[in-house]
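There are 4 protein chains.
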Amino acid sequence: MSLFQHPVRIYWEDTDAGGIVFYANYLKFFERARTEWLRSLVELGQEQMKQELGAMFVVSETAVRYLSPARLDDLLQVSVEVKEAGRVSMTLFQRAMLNGTVLAEGTIRIGCVSPANLKPVRIPAPILQALQNKSP
Amino acid sequence: MSLFQHPVRIYWEDTDAGGIVFYANYLKFFERARTEWLRSLVELGQEQMKQELGAMFVVSETAVRYLSPARLDDLLQVSVEVKEAGRVSMTLFQRAMLNGTVLAEGTIRIGCVSPANLKPVRIPAPILQALQNKSP
Amino acid sequence: MSLFQHPVRIYWEDTDAGGIVFYANYLKFFERARTEWLRSLVELGQEQMKQELGAMFVVSETAVRYLSPARLDDLLQVSVEVKEAGRVSMTLFQRAMLNGTVLAEGTIRIGCVSPANLKPVRIPAPILQALQNKSP
Amino acid sequence: MSLFQHPVRIYWEDTDAGGIVFYANYLKFFERARTEWLRSLVELGQEQMKQELGAMFVVSETAVRYLSPARLDDLLQVSVEVKEAGRVSMTLFQRAMLNGTVLAEGTIRIGCVSPANLKPVRIPAPILQALQNKSP
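Below you can see the structure in the form of structure tokens.
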């Protein structure tokens, strides 16, 4: 089973006065990769999922280690792996790599909620099925 | 009539690898100042305005000159002045200053729309009245 | 002469509580497109330009109109056109389009400065030459 | 010993299309609070520390739980507590609260590095001393 990877280019907006990528931005890079990964699994956008299926993913927990800095113009590869997939939540392991070096990695826990009241709802069936196929 | 000013402290998140504040962030600083200015005029939050009055401000045009750089830890003062106030839109002049030096300045045009369909609606009466009192 | 375009996907990070893209983010999208456009002209990254050529581009003026909203999952095309190229600055016209509709457009004025003291310096020769070939 | 708290107002820039604060932004709020907390301890800005003392703090690890959503106009209180302070790094516990409810909380691990090469250096003496006075 091949590892899902999404390319992320570093622009001025991503850096800070330390001359490197502002650490909080890795959470954005991870999310971009998750979104494209989800699209690759079920051809479903987040907006469509919200409007048509009444379900929205929200991040409930993040644990990230920032190991090595990225700089302007770097082209990162951001991976997504399912660690655990339940009926209303999932846990993913994600990494941002540059030329084989891990820059940042961590686990992201995500819940599925109703856009109307933010209460937990079941992950839509086609997504859940795809997730479970990807689980270890 | 005194000039409305709102303090904005510069943090790492605001800077880029050039060692200075990322220019796009002045639009955020201007908006923070507008929000506090509006609150000072009518004691009304944006969320409350959206939920209770069915009106939401959207920015339709920005013209900004970036004159001098701000750096980490700087404490800016951001001003708001009404240039023109109509029934469905207004134009403001805003400045970010540091110790008497203008860092960035420009005009921001804002429309009032329905949150439901983003169509123009009249600026809620108490706000419009306060705006017109502030117009030149 | 073909128009340079760069794709920009809309993610959660780009949106706000109005359900649409936060207007200030178009400045980021425009910059991503400019960076890739510059790379396409001279195969030179911004970091490399800063380190090796002692030159850095800074934005000195932006005038943008926000015409139509973008939403989660939209795939924009962002264009770059040279309006004017001088020895220490240039003016570009940029547009963000979605399926043939203009969402935002405007002019961006950019100066070339020394990273050390932020004083104006000449645009590096290979870039200037490429720019002048693209000027109207 | 009183708990350090820093107020953070929620603006449009902080929210996303889910109508709530974008989770990655809590890392920004935590950092603003840490910066003001540090300033309260030693009257030293981050830029000054970088320029004069050749030391810069970088975040090496973050573990955050997002428990309850914040919305436009909310006024959060963000706290900072020292969990552990060593010679080249420290671990802090931080919370974002709204009217007595915890919205997000977690631990942030921070290293002290040289701005020149990003290698670990000792935390400047006046800061280290102040930190150790605050440790449990």
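Chains as they are written, first to last, in the numbering used here: chain B, 1 to 136; chain S, 1001 to 1136; chain A, 2001 to 2136; chain C, 3001 to 3136.
Here a beta-carbon is modelled for each residue, glycine too, at the ideal position from N, C-alpha and C.
### Query
Enumerated in chain order, which unbroken segments of the beta strand (DSSP E) with a length of 3 residues or greater are wholly contained in the stretch 3026–3052 of chain C?
none
### Listed by chain order, chain S residues near MET2090/A by CB distance under 8 angstroms
Within 8 angstroms Cβ-Cβ: nothing; MET2090/A doesn't reach chain S, min ~15 angstroms.
### Query
What in chain A is Cβ-close to TRP1118/S, meaning under 7 angstroms?
Here residue 1118/S turns out to be Leu, not Trp, going by the sequence shown. Near LEU1118/S (Cβ distances below 7 angstroms), the residues of chain A are PRO2069.
### Task
Give every residue of the same chain whose Cβ lies closer than 6 angstroms to the Cβ of MET49/B, excluding the five residues on either side of it in the sequence, and list them in chain order.
ALA55
### Message
For a cutoff of 8 angstroms on Cβ pairs, would you count LYS2028/A as touching chain B?
### Response
yes
### Query
Applying a beta-carbon distance threshold of less than 7 angstroms, which residues of chain S neighbour TYR3011/C?
GLU1031, ARG1032, THR1035
#### Entry: Euclidean distance between Cα positions of ASN1099/S and LEU1075/S
9 angstroms
### Buried/exposed call for ASN1117/S, threshold 16 Cβ in 10 Å
exposed
### Query
Do LYS1028/S and GLU3013/C have their CB atoms nearer than 8 angstroms?
yes
### Query
What are the boundary residues of the beta strand (DSSP E) that ILE2127/A is part of?
ILE2127/A -> not in any beta strand (DSSP E); alpha helix (DSSP H) instead, spanning 2125–2134.
### Task
Indicate whether VAL2082/A and LEU2092/A have their beta-carbon atoms separated by less than 8 angstroms.
yes
### Query
Residues in its own chain within less than 7 angstroms of GLU3036/C by CB, not counting five upstream and five downstream?
HIS3006
### Task
Compute the beta-carbon to beta-carbon distance between SER3079/C and ALA3033/C, rounded to the nearest angstrom, for a pair I have assumed lies under 8 angstroms.
7 angstroms
### Task
Would you mind reading off the limits of the beta strand (DSSP E) that contains PRO7/B?
4–9
### Task
Along the beta strand (DSSP E) that carries VAL3113/C, what are the first and last residues, could you check?
3101–3113
### Message
With a threshold of 6 angstroms on Cβ separation, who are the neighbours of ALA3085/C within its own chain once the five nearest residues in sequence on each side are excluded?
### Response
LEU3131, GLN3132, SER3135
### Query
Could one say the Cβ of ASP2016/A lies closer than 8 angstroms to chain B's Cβ atoms, at least one of them?
no
### Beta-carbon neighbours of LEU2151/A, restricted to chain C and to distances below 7 angstroms
Missing from the structure shown is residue 2151/A; chain A here goes from 2001 to 2136 and no further.
### Task
Using the DSSP secondary-structure output, state which residues sit across from LEU3066/C in a beta bridge.
The amino acid at residue 3066/C is misidentified as Leu; the sequence shows Tyr. The partner list for TYR3066/C (beta bridge, DSSP) reads ALA3104/C.
### Task
Work out the CA separation of ALA125/B and TYR1026/S for me, nearest whole Å.
44 angstroms
### Message
To the nearest angstrom, how far is the alpha carbon of GLU3047/C from that of VAL3102/C?
### Response
31 angstroms
### LYS83/B: first and last residue of the uninterrupted beta strand (DSSP E) it sits in
75–85
### Task
May I ask which residues mark the beginning and end of the beta strand (DSSP E) holding GLY96/B?
Note on identity: in this sequence residue 96/B is Ala, with Gly being the wrong assignment. Where ALA96/B is concerned, the enclosing beta strand (DSSP E) stretches over 89–98.
### Message
Counting only C-beta atoms, is GLN3046/C closer than 8 angstroms to chain D at any point?
### Response
As a matter of chain content, chain D is missing from the structure shown, whose protein chains are B, S, A and C.
### Query
Based on the DSSP output, what are the partners of VAL1059/S in its beta bridges?
ILE1110/S
### Task
Throw me the rounded Cβ distance for the ALA2070/A and ILE2010/A pair, which I believe falls under 8 angstroms.
5 angstroms
### Message
Measuring straight from C-alpha to C-alpha, what distance separates VAL1021/S and LEU128/B?
### Response
43 angstroms
#### Entry: Rounded separation between LYS1024/S and ARG2109/A - CA only
Here residue 1024/S is Ala; the residue named in the question, Lys, does not match the sequence. About 13 angstroms.
### Query
Taking Cβ positions, are ARG2065/A and GLU1061/S nearer each other than 8 angstroms?
yes
### Message
Suppose contacts are defined by Cβ-Cβ distances below 8 angstroms. Is ALA1063/S in contact with THR1107/S by that definition?
### Response
yes
### Task
Kindly indicate if chain C contains any beta-carbon less than 8 angstroms away from that of ALA2096/A.
no
### Task
Assign LEU1038/S to one of two classes, buried (16 or more other C-beta atoms within 10 Å of its C-beta) or exposed (fewer than that).
buried
### Task
Give the single residue among ALA17/B, VAL121/B, SER40/B, PRO120/B whose Cα lies nearest to the Cα of VAL3058/C.
ALA17/B
### Message
For GLN2051/A, count the other beta carbons within 10 Å of its own beta carbon; 16 or more makes it buried, fewer makes it exposed. Which is it?
### Response
exposed
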